[in-house]
Amino acid sequence: MSKLLHISASPRGERSESLALARDFLDVYRELHPDDEVGEWDLWDGTLPEFGPAAAAAKMDVFAGLTPSGPGAAAWDAARAAFARFAAADKYLFSVPMWNAGVPYILKQFIDVVSQPGMVFGFDGTLGYSGLVTGRKAAVVYTSAVYGEGRGPAFGADFQAPYFEGWLRWAGIADITSVEFRPNLATDEVATRRARARAAAVEAAKTF
Ligand SMILES: Cc1cc2nc3c(=O)[nH]c(=O)nc-3n(C[C@H](O)[C@H](O)[C@H](O)COP(=O)(O)O)c2cc1C
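This note's numbering puts the sequence shown at residues 26 to 233.
See below:
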């Protein structure tokens with residue numbers, strides 16, 4: 026039995042294109058894996074801790090082999106709890122809208138909170154980083170309104186998929202399936218393109 030966690034970075038609810046595709050994916054996944062546990066983490070629901078001065082100090086303490094103290098200790102506990110919630114799953118579905126060519130800040134906050142030494146990564150002075158979130162797989166839904174591959178620089182740039190996929194690989198998650206609906210607004214044949222993206226989400230779920 027697997028535990029799939031859907032981590033959503035769109036705040037747009039019923040109007041969200043990435044959440045609609047994630048729903049298609051999850052409907053098929055649930056049908057094919059009725060015994061699996063499927064959890065939801067809406068990153069906008071207020072449960073993600075902040076990662077400010079105390080947390081940054083705690084992180085650098087831990088990196089230096091020290092134990093966080095004072096406000097840093099509480100911030101570190103909160104980061105550990107967030108990581109534990111993330112790491113309890115062995116499959117991930119991420120809904121990732123494009124915001125200003127990159128990812129929504131709440132997803133960057135999630136990455137900053139959970140990406141801790143001894144949790145998401147290990148470090149060796151000679152060998153460098155090693156991802157610790159191994160043995161997992163991820164499916165990612167990417168959406169944008171204007172940006173699209175091959176549309177040219179006037180339509181924006183892609184710091185969304187390369188950044189997020191780079192983080193997954195750095196964390197140790199190498200089995201990655203992606204579904205994209207980019208662009209989904211400022212373009213022709215949106216309905217046809219949406220249908221194609223929905224079919225891709227269903228196909229991805231069948232083999233996940
Ligand atoms: C704050 C914000 C910034 C955005 N920036 C971009 C952008 O840089 N390029 C783009 O193509 N679309 C951009 N969009 C449009 C979204 O990527 C698009 O609406 C997408 O469908 C969002 O995913 P969602 O529908 O799941 O919320 C932006 C939307 C918002 C709200």
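A virtual CB, placed ideally from N, CA and C, is assigned to each residue, including glycine.
Given the structure is predicted, the values throughout are model-derived calculations rather than measurements.
Shown here, ALA225 sits in a helix according to DSSP, grouped into three states.
Of all C-beta pairs linking the segment 161-172 to the segment 194-209, three or more are shorter than 8 Å, placing the two stretches in contact. Residue state for TRP124 is assigned as strand, using DSSP reduced to three classes. Here GLU205 has TYR167 as same chain residues with Cβ atoms under 6 Å from its own Cβ, once five neighbours each way along the sequence are excluded.
Measuring C-alpha to C-alpha distances from ALA47 to each of GLN141, GLU65, ALA179 and ALA114 identifies GLU65 as the nearest. In the assembly as shown, GLY173 is a buried residue. Its beta-carbon has 16 or more other beta-carbons within 10 Å. With three or more CB-CB distances shorter than 8 Å, the segment 107-126 counts as touching the segment 35-43.
Beta-bridge annotation (DSSP): PHE108 is not paired with any residue. CA-CA distance, ALA103 to LYS116, rounds to 23 Å.
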